[in-house]
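Residue numbers (my numbering), protein chains in the order written: chain A, 18 to 280; chain B, 18 to 280.
A virtual CB, placed ideally from N, CA and C, is assigned to each residue, including glycine.
2 protein chains.
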Amino acid sequence: MTKFDEATQAIRVDETTYDVCLDPGYVIGGPLNGGYLLAVMLRAVVDASPFEHPVTTSAQYLRAPVPGPARVRIEQLKAGRTAAFTRATLVQDDVAQIESLVTTATLHGADPLYAAGPAHAMPPLDECVKLPDPKPESNMTLNAQMEMRFDAPTIGWLRGEPSGRPESRAYFRMAEPQDPDPYVLALAVDSLPPVVFSAGARGWAPTVDLTWHLRALPAPGWITLLGSGRLVADGWFDEEVEAWDSAGRLVAQCRQLARVGRG
Amino acid sequence: MTKFDEATQAIRVDETTYDVCLDPGYVIGGPLNGGYLLAVMLRAVVDASPFEHPVTTSAQYLRAPVPGPARVRIEQLKAGRTAAFTRATLVQDDVAQIESLVTTATLHGADPLYAAGPAHAMPPLDECVKLPDPKPESNMTLNAQMEMRFDAPTIGWLRGEPSGRPESRAYFRMAEPQDPDPYVLALAVDSLPPVVFSAGARGWAPTVDLTWHLRALPAPGWITLLGSGRLVADGWFDEEVEAWDSAGRLVAQCRQLARVGRG
Chain A
18 MTKFDEATQA
28 IRVDETTYDV
38 CLDPGYVIGG
48 PLNGGYLLAV
58 MLRAVVDASP
68 FEHPVTTSAQ
78 YLRAPVPGPA
88 RVRIEQLKAG
98 RTAAFTRATL
108 VQDDVAQIES
118 LVTTATLHGA
128 DPLYAAGPAH
138 AMPPLDECVK
148 LPDPKPESNM
158 TLNAQMEMRF
168 DAPTIGWLRG
178 EPSGRPESRA
188 YFRMAEPQDP
198 DPYVLALAVD
208 SLPPVVFSAG
218 ARGWAPTVDL
228 TWHLRALPAP
238 GWITLLGSGR
248 LVADGWFDEE
258 VEAWDSAGRL
268 VAQCRQLARV
278 GRG
Chain B
18 MTKFDEATQA
28 IRVDETTYDV
38 CLDPGYVIGG
48 PLNGGYLLAV
58 MLRAVVDASP
68 FEHPVTTSAQ
78 YLRAPVPGPA
88 RVRIEQLKAG
98 RTAAFTRATL
108 VQDDVAQIES
118 LVTTATLHGA
128 DPLYAAGPAH
138 AMPPLDECVK
148 LPDPKPESNM
158 TLNAQMEMRF
168 DAPTIGWLRG
178 EPSGRPESRA
188 YFRMAEPQDP
198 DPYVLALAVD
208 SLPPVVFSAG
218 ARGWAPTVDL
228 TWHLRALPAP
238 GWITLLGSGR
248 LVADGWFDEE
258 VEAWDSAGRL
268 VAQCRQLARV
278 GRG
């Protein structure tokens, strides 16, 4: 069992309840990473499902849970022949923290009838750059779990040179030896710095709502994350992330609606 | 009150219950249109919310409700200063039909910090084409509620000439005099023929999961719907729809995951 497997473990208490322990290694300046929290919830949902894969996940971030014990509450809504529908709630201290609707099914990896190519070309891995290590006092423990190599212009905001449009692109893998799987993808699709930083905004950008689709099981190796956005207005922005595996297949699609930080 | 307003009316019974009557005018060959059903649910959610607009809606289509009486069950999850979170369930004959999570907030129409342009140019309205009128026995009552003018190549599948990629683009407005509003947009984002028809697939393509975001309040006039998809594989396809208003603003974004039809 890898460290990530352990950090996302969900232990069955009964048909509708799983015990989890939220890991302090996935913190971004205070709150826990939203993708990590989904990975934890999805462990419980898939364990309770007759199917193998979390094909769609829609989540509302009601509150910001803290590291430590929590529970995933499961409600089976319907199980059909090809998919099952589940409501899952992450609960801490008896208070709902994240509410989600998850569709599970089993993907078989059949050849696609149609597959679009990536919307952006990435520079080769060795031309991409790391983020500077976070200062210990910033409480960014998440960074140590992952390796990311950025398409340099998309982190120009770090030195005061935002590209002027919402974007963020990087290669991603876990720091420990860990092949990507649906749970790693749940983390990956929410691991980029907010795309709105490239559009000139700053500050904590809380996710309100996130939906992601697992489209195929990822091949071993780096995941390519292509992040973009269409509109920053009225204090809201959309962040669209596509995840491509090392075999060049689209493995996940994600869109979140988030609030623009106050600076 | 317009016919659409009436068809989507939700009458408050108590804090958690609204009575609705699903209108036989929104049928597509048997089932009711998924966007129409969301519009009905959103009437109840917004009525019960301290905020004015349904900013994000994620829905799971568990079953296919039929025209006639139904209820919307509301559960308030959290109300904060800028947004409220609600679970809404469409129930018919005591059985849950659609499960949803909705975020309400109030949009103010501030000038955007960043706005991308449409991903596709549309031909002028008078160069776009109507779908042939459905045969009465096809039970497509939905078509009479809306006027749509299609970018011709995206309905080439009708005469056996699919474009080879998932796409569907059209101008949209209600057939009766009715300015677009968030409820009309809920219908609009699910009103295009499935994009997968253009990729060569046929048959009923049931939506499993749909998430849409209201990004701005639409100006009066035609709505432009730009539909596309990234991957058709393993019996699943994604359908992405952007809605643009007559003032050239992105007013809604939608993605659904649906099953490829069998026939």
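Residue i to residue j, Cα distance in whole Å?
i               : j               : result
L231 of chain A : M18 of chain B  : 42 angstroms
G47 of chain B  : N156 of chain B : 7 angstroms
A192 of chain B : N50 of chain B  : 16 angstroms
L130 of chain A : G278 of chain B : 13 angstroms
A216 of chain B : G244 of chain B : 12 angstroms
T103 of chain A : A122 of chain B : 26 angstroms
P153 of chain A : G220 of chain A : 18 angstroms
L242 of chain B : A138 of chain B : 11 angstroms
G42 of chain A  : A56 of chain A  : 14 angstroms
D207 of chain A : I45 of chain B  : 37 angstroms
G238 of chain B : V201 of chain B : 12 angstroms
S185 of chain B : L107 of chain A : 38 angstroms
G52 of chain B  : A87 of chain B  : 16 angstroms
A161 of chain B : V212 of chain B : 21 angstroms
G134 of chain B : P170 of chain A : 21 angstroms
A101 of chain B : R90 of chain A  : 21 angstroms
R272 of chain A : I172 of chain A : 20 angstroms
A105 of chain B : L118 of chain B : 6 angstroms
T25 of chain B  : Q114 of chain B : 16 angstroms
A96 of chain B  : L39 of chain B  : 29 angstroms
Taking buried to mean at least 16 other C-beta atoms within 10 Å of its own C-beta, is residue i buried or exposed?
i               : result
T158 of chain A : buried
D128 of chain B : exposed
E23 of chain B  : exposed
D255 of chain B : buried
D251 of chain A : buried
V112 of chain B : exposed
H125 of chain B : exposed
R190 of chain A : buried
G85 of chain B  : exposed
P67 of chain A  : exposed
V30 of chain B  : exposed
Y116 of chain B : Correcting the residue type first, residue 116 of chain B is Glu in the shown sequence and not Tyr. Result: buried.
A136 of chain A : exposed
Kindly identify the DSSP beta-bridge partner or partners of residue i.
i               : result
V108 of chain A : A:R88 and A:A113
H230 of chain B : B:T73 and B:Q270
D255 of chain A : A:L274
T224 of chain B : B:A275
D31 of chain B  : B:T34
Q93 of chain A  : A:T103
S185 of chain A : A:G244
R166 of chain B : B:Y188
L118 of chain A : A:S75 and A:R104
V146 of chain B : B:F167
Just to check my reading of the structure: residue i and residue j have Cβ atoms closer than 8 angstroms, yes? What is that Cβ distance to the nearest angstrom?
i               : j               : result
I240 of chain A : A205 of chain A : 5 angstroms
V268 of chain A : A260 of chain A : 5 angstroms
T74 of chain B  : L59 of chain B  : 7 angstroms
L142 of chain A : Y78 of chain A  : In fact, because the Cβ distance is near 32 angstroms, the residues do not count as touching under 8 angstroms.
D226 of chain B : T120 of chain A : 5 angstroms
M165 of chain B : L148 of chain B : 7 angstroms
E257 of chain A : G265 of chain A : Actually they do not touch by this definition, with Cβ atoms about 19 angstroms apart.
D110 of chain A : P140 of chain A : With 8 angstroms as the limit, D110 of chain A and P140 of chain A do not qualify as a contact, their Cβ atoms being about 46 angstroms apart.
D82 of chain A  : P199 of chain A : Reading the sequence as shown, one finds Pro at residue 82 of chain A and not Asp. 21 angstroms between Cβ atoms; not a contact.
P197 of chain B : P235 of chain B : 4 angstroms
V62 of chain B  : E69 of chain B  : In fact, because the Cβ distance is near 11 angstroms, the residues do not count as touching under 8 angstroms.
W174 of chain A : F214 of chain A : 5 angstroms
What residues of chain B sit near residue i, judged by a beta carbon separation below 9 angstroms?
i               : result
L202 of chain A : What L202 of chain A touches in chain B: nothing, since even the nearest Cβ is about 14 angstroms away.
R241 of chain A : A quick correction: the sequence has Thr, not Arg, at residue 241 of chain A. The premise fails here: T241 of chain A is roughly 14 angstroms from chain B at the closest Cβ pair, so nothing lies under 9 angstroms.
S180 of chain A : Ordered by position in chain B, no residue passes the 9 angstroms Cβ test against S180 of chain A, which lies about 11 angstroms from the chain.
R90 of chain A  : In chain order: nothing, as chain B lies at least about 13 angstroms away.
R62 of chain A  : It is worth fixing the name first, because residue 62 of chain A is Val in this sequence and not Arg. Within chain B, no residue comes near V62 of chain A; the closest Cβ sits about 13 angstroms away, beyond 9 angstroms.
In chain A, which residues lie less than 9 angstroms from residue i when you measure between Cβ atoms?
i               : result
R279 of chain B : Those within 9 angstroms of R279 of chain B in chain A number zero; the least Cβ separation is about 11 angstroms.
Can you list the residues of chain A that residue i reaches, using a CB-CB cut of under 8 angstroms?
i               : result
A218 of chain B : L130
P183 of chain B : Y131
G126 of chain B : D251
D255 of chain B : H230, R232 and Q270
By the criterion of Cβ-Cβ separation under 8 angstroms, what are the contact partners of residue i in chain B?
i               : result
G47 of chain A  : Neighbours of G47 of chain A on chain B: none; closest Cβ ~17 angstroms, over 8 angstroms.
K95 of chain A  : L79, R80 and A113
I274 of chain A : Looking at the sequence provided, one finds Leu at residue 274 of chain A rather than Ile. Correct list: V72, T73, T120 and H230.
E116 of chain A : L94, F102, R104 and L118
Under 6 angstroms from any heavy atom of the ligand GDP, does the C-beta of residue i make it?
i               : result
M163 of chain A : No copy of the ligand GDP appears in this structure; indeed no ligand is present at all.
Report the neighbours of residue i on chain A: residues whose CB is nearer than 7 angstroms to its CB, in chain order.
i               : result
A100 of chain B : V225
R247 of chain B : A133, L267 and Q270
Would you mind telling me which residues of chain D sit closer than 8 angstroms to residue i, beta carbon to beta carbon, in chain order?
i               : result
T171 of chain A : Protein chains in the displayed structure are A and B, and chain D is not among them.
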